[in-house]
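So the sequence shown is numbered by our numbering: it starts at 71 and just counts up by one.
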Amino acid sequence: MNLHPFRFPFRAMGSPCHLILYAASETEAQPVAREVIEDVQALEARYSRYRPDSLLSRVNRLAGRKGGVVVDEEMAALLDYARTCYEQSDGLFDVTSGILRRAWNFSGSRLPEQRDIDALLERVGWDKLRWEPPVLKFEMPGMELDFGGIGKEYAADRAATRCLERGITAGVVNFGGDLRVIGPHPDGTAWEVGINHPREPGKLLATLSVRSGAVTTSGDYERCIVVDGKRYGHILDPRTGWPVEGLASVSVAAPHALVAGSACTIAMLKASDGPEWLRTLGLPALWMDVEGRVGQLAANAGQAWFEK
Numbered sequence: 071m072n073l074h075p076f077r078f079p080f081r082a083m084g085s086p087c088h089l090i091l092y093a094a095s096e097t098e099a100q101p102v103a104r105e106v107i108e109d110v111q112a113l114e115a116r117y118s119r120y121r122p123d124s125l126l127s128r129v130n131r132l133a134g135r136k137g138g139v140v141v142d143e144e145m146a147a148l149l150d151y152a153r154t155c156y157e158q159s160d161g162l163f164d165v166t167s168g169i170l171r172r173a174w175n176f177s178g179s180r181l182p183e184q185r186d187i188d189a190l191l192e193r194v195g196w197d198k199l200r201w202e203p204p205v206l207k208f209e210m211p212g213m214e215l216d217f218g219g220i221g222k223e224y225a226a227d228r229a230a231t232r233c234l235e236r237g238i239t240a241g242v243v244n245f246g247g248d249l250r251v252i253g254p255h256p257d258g259t260a261w262e263v264g265i266n267h268p269r270e271p272g273k274l275l276a277t278l279s280v281r282s283g284a285v286t287t288s289g290d291y292e293r294c295i296v297v298d299g300k301r302y303g304h305i306l307d308p309r310t311g312w313p314v315e316g317l318a319s320v321s322v323a324a325p326h327a328l329v330a331g332s333a334c335t336i337a338m339l340k341a342s343d344g345p346e347w348l349r350t351l352g353l354p355a356l357w358m359d360v361e362g363r364v365g366q367l368a369a370n371a372g373q374a375w376f377e378k
């Protein structure tokens, strides 16, 4: 059977997204793409921090009340994963820190006032909530959960699984740069993926070949502001409320986008200690620090994963 690639662009979770699905005809691929897109939109409706009617917004309102709130199985699994990330990052990956976005405007050109950051920091900290499945309770009034660090990656993994269940065995899910490969091209060749250079727009830092799994990238360049010549990226240290410094970009490959994405973010949060932490994971990775130095970890010792 001759299979052909069909591309389905759409927008979700604040990012441009697309699916590339190999099928015998567009008529065969289209229902799968439609189902995936509808599922992604449903996930966004559940977990969007911008929608007052989302499940996440409802949980945030109720978790601060006496007795907390009972969450469903899916959100419980996300909370369990968030707790693991918090523990493995020594408290740096914290899904309660999204509230700091209220102080930062990365579309503007001014830094926030320290007093505004300090006021929000009082409501940041996984240690200030009680998670005893299935009950979530905020110990500090006004706290919020924000799954921005794992939601898009969870959606990418779910989309790839759904495609496989519907008989699509070759293709790619790309959600705003978070890439999950469904399977290699029908002839077995790998997908060639470009990693953007964090300091030179339009230029690639490296390319990589991937046949399965996921590749995600975090950096200080897509959402940032530059004030008095200094760059401030959108990844915020939950201890200080200020952007982390040290690494300009981190890319990680893993079997699942959820793992790759959280690893990238934790490495960025660990700043100059990020590369050493990545070495403990044993996953292929590439990074560039703010001084322009590039480092990488290959899947196998001595084998280059990225090509410049």
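For each residue, glycine too, the CB sits at the ideal point set by N, CA and C.
Of the choices the options, whose alpha-carbon is the least far from that of residue i?
i	options	result
G212	G221, L190 and L206	L190
K207	S177, L132 and N266	L132
E223	L148, A103, V297 and D142	L148
V285	N266, D298 and V296	N266
L181	T310, I305, I295 and S127	I295
R116	P75, Y156 and F217	F217
A260	P101, R77, L306 and V280	V280
R81	M71, A112, L317 and A94	A112
A225	E143, D248 and P79	D248
D385	E202, I169 and R104	Past the edges of the chain, shown from 71 to 378, lies residue 385, and the structure says nothing about it.
M83	G331, R171, R200 and R119	R119
L73	T97, Q184 and R171	T97
V364	S159, L275, L234 and W174	L275
G219	D307, R200, T335 and E192	T335
R200	L351, E143, K340 and G137	G137
Can you find the residues in the same chain that come closer than 6 Å, C-beta to C-beta, to residue i, ignoring five residues on each side of it along the sequence?
i	result
A371	For A371, the predicted structure reports a pLDDT of 42, less than 50, and the residue's modelled location is therefore unreliable. The matter cannot be settled from this model.
E377	Note on E377: pLDDT 47, under 50, position unreliable in the model; the coordinate value appears next. Once the five neighbours on either side are set aside, the close Cβ partners of E377 are T277.
R293	F176 and H304
R232	V106
So, for residue i: in the same chain, excluding its five sequence neighbours on each side, which residues have a beta-carbon less than 8 Å away from its beta-carbon?
i	result
L348	V320, V322, A333, A337, A355, W357 and L367
A229	L89, V106, D109, V110, V243, F245 and R250
G178	I295
D227	R250, A284, H326, A327 and L328
W196	A152, R153, Y156, G161, D164, V165 and T166
S282	V251, G253, P254 and P325
S85	K222, F245, G246 and G247
A146	P203 and P204
On the three-state DSSP scale, how would you describe residue i?
i	result
I220	coil
R172	helix
G322	It should be noted that the sequence gives Val, not Gly, for residue 322. Of the three classes helix, strand and coil, the one that applies to V322 here is strand, per DSSP.
V243	strand
T386	Outside the modelled stretch of the chain, which goes from 71 to 378, sits residue 386, for which no answer is possible.
A371	Because the pLDDT of A371 is 42, which lies under 50, any placement of that residue in the model is unreliable, and the number read from its coordinates should be weighed accordingly. Here A371 sits in coil by DSSP.
P271	coil
R293	coil
V194	coil
A94	coil
R180	coil
L215	coil
E235	helix
E105	helix
Check for me: the beta strand (DSSP E) holding residue i runs from which residue to which?
i	result
I265	W261 to N266
E315	Segment: none, E315 is in no beta strand (DSSP E) and carries neither H nor E.
A276	L274 to V280
A284	G283 to G289
A189	Not the beta strand (DSSP E): A189 falls in the alpha helix (DSSP H), residues Q184 to L191.
R250	D248 to G253
L73	Neither: L73 is in no beta strand (DSSP E) and is coded neither H nor E.
G299	Careful: G299 lies outside any beta strand (DSSP E) and carries neither H nor E.
E202	L199 to E202
Which residues bound the alpha helix (DSSP H) around residue i?
i	result
A327	A327 to L339
Looking only at its chain, what residues have a beta carbon closer than 7 Å to the beta carbon of residue i, apart from the 5 residues adjacent to it on each side?
i	result
V140	P204 and V205
A318	P268, R269, G289, D290, Y291, M358, D359 and V360
Just list the beta strand (DSSP E) runs in the stretch 344-368, keeping only unbroken ones of 3 residues or longer that don't cross its boundaries, in chain order. 355-359 and 364-367
Start-end ranges of the alpha helix (DSSP H) lying completely within the stretch 111-168, minimum 4 residues: 125-132 and 143-158
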